[in-house]
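Reviewing the structure listed below.
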Amino acid sequence: MRQLYNITAPLEIGAQNVTITLASLAADMPEEEATQAVIELDTDDSLARVQAGGSLTLSGVRIRRSENAEARRRRRRLDSGVNASEPMPLVSNAGGSLRVDGCELRSLGSVAIHSDAGEIAIASSAISGR
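Each number in this note's numbering comes from the position in the sequence shown (counting from 1) with 1159 added on.
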């Protein structure tokens, strides 16, 4: 059982608080059979950019780039050489507050989280990127 949410444009979070929470699917199933819902980015852009005064909380989500986005990145790298532009991080913090709890963030061709300033708190999460 799998639920997929496809994202094609980033969330711009200014002076507001945003929380994204996804519970495991099939909560009545044994834990090893239940799956997390997936937020899939079909873009080279970020899922979200948190600006000063903004707050983003991610709880219980899996975030990854789509196979199409990864294929486009690989094609550009082959066409352009090693210096091909990289996709934006999955989540970017530019002075706001970012909380990640019980999440899985995976990106093959970019960093998962980038922060210029602000506060980041990560708990019980798996995060991998370049």
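Cβ coordinates follow ideal geometry from the N, Cα and C atoms, glycine included.
Smallest Cα separation from G1288: which of A1276, R1231, V1270? V1270
Do you know offhand how far S1232's Cα is from G1212's? Reading off the sequence, residue 1232 comes out as Arg, not Ser. If I take the Cα positions, the gap works out to 32 Å.
Using only CA atoms, which one of L1200, Q1210, G1277 lies nearest to R1223? L1200
Decide if R1234 is buried, meaning its Cβ has at least 16 other Cβ atoms within 10 Å, or exposed. exposed
Could you give the distance in angstroms between the alpha-carbon of L1257 and the alpha-carbon of A1207? Going by C-alpha positions, L1257 is about 10 Å away from A1207.
Proximity of T1167 and G1219 at Cβ, strictly below 7 Å: no
Can you check whether the CB of L1215 is closer than 7 Å to the CB of I1172? yes
Tell me T1202's beta-bridge partners as DSSP assigns them. Paired residue(s): none; T1202 is not in a bridge.
Helix, strand or coil for G1277? Go by DSSP, reduced to three states. The answer is strand: DSSP assigns G1277 an E or B state.
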